[in-house]
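Throughout, the working numbering is defined as the position within the sequence shown, counted from one, plus 5.
Ideal placement from N, C-alpha and C gives every residue a C-beta, glycine not left out.
These notes concern the structure reproduced below.
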Amino acid sequence: MSQENKPGLEVCLSPALLHLYDLSQKIVVIIDVLRATSTICTALYHGASKVIPVDSVEKCMEIGRQLGAVTAGERDGHIAPGLEHGNSPLEYPASFIQGKTLVLTTTNGTRLLHMAKDAEEIVIGSFLNLSVLCDYLIRRNKPILLACAGWKDRINLEDTLLAGAIIDRLKSRFDIQCDAAIIAEKLFSASRKRLLENMQQASHFKRLTRHGFQQDIAYCLTIDQAAVVPVYRDGAIELA
Ligand code: MLT
């Protein structure tokens, strides 16, 4: 806690930098706007009983078989061979996912979740759950690390933007002494009125557009579309 008794808030812009932070007393917010954390929020908002994030396709298939669960995931934006479904949030309407367990493996997002295992608590962030997530973090009143999944350890625009959007809402209640947080907030302030337009330069925007997923991008930037707070505990993500 700072002198003013506010908990600290920091931002880690890439999984490659995560080792620099002490996670043990912190709530870590995992951010992978395009698209893992948006898909997790959507599936749970639509009634999935839980999401099990795994780091390999093999594990995904094995757990899927054991639990009779839906297996899903991507590598480089494509449905990974052997899995039934991809990482598009639009694949998980209530009519399909309600009451089911989703086992998910993705290139960056689910990997970062496993890397953050030493955190006191791990929650899932996206534009889709922005308001309820921020309300939850204010209520918890604990030190926070906003952890961006990026793309293969590189910093990306969309995750930095969401970190900035969260800071924009939390800055009066948290102590921010972190340059990465200042960068994220400034980026968000400059882009907030034209999020989708500003995203067009992003590498994953271009990658997903090439693969025909334009609708996913617009959906993933929709604020408060899936008002849930997913929490990762004992190997599964469920509602807080
Ligand atoms: C990831 O975790 O790498 C992603 O969410 C990629 C994607 O499916 O767009």
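Contact between I127 and A48 does not hold, since the beta-carbon distance rounds to 17 Å and is not under 8 Å. Only exposed fits G240, as fewer than 16 other CB atoms lie within 10 angstroms of its CB. No heavy atom of the ligand MLT is found nearer than 8 Å to the CB of T76. Each residue's CA atom was taken as its position, placing G52 and P235 some 12 Å apart.
The Cβ-Cβ distance between P12 and D180 falls below 9 Å. Rounded to the nearest whole angstrom, the CA to CA distance from R159 to A152 is 13 Å.
DSSP places H216 in the coil class of the three-state scheme, outside both helix and strand. At the C-beta level, T110 and A154 stay beyond 9 Å of one another. Closer than 8 Å to some heavy atom of the ligand MLT: that describes the Cβ of H209.
In the DSSP assignment, A186 falls outside any beta strand (DSSP E) and lies within the alpha helix (DSSP H) extending over D184 to S196.
Around the CB of P148, 16 or more other CB atoms lie within 10 Å, so the residue is classed as buried. Within the stretch 106-156, the complete alpha helix (DSSP H) runs of at least 4 residues fall at 114-120 and 135-145. Taking all protein chains in view, the Cβ of K31 is crowded by 16 or more other Cβ atoms within 10 Å, so the residue is classified as buried. Distance check between G73 and each of T214, A85, K55 and V34 places K55 closest, using alpha-carbon atoms only. With fewer than 16 neighbouring CB atoms inside 10 Å of its own CB, E9 falls in the exposed class.
Listed as beta-bridge partners of H24 by DSSP are no residues whatsoever. Following the DSSP letters along the chain, one finds L175 inside the alpha helix (DSSP H) bounded by residues L162 to L175. Cβ-Cβ separation between T115 and D60: approximately 6 Å, consistent with a contact (criterion under 8 Å). Taking all protein chains in view, the Cβ of S19 is crowded by 16 or more other Cβ atoms within 10 Å, so the residue is classified as buried. The DSSP-derived three-state label of A41 is helix.
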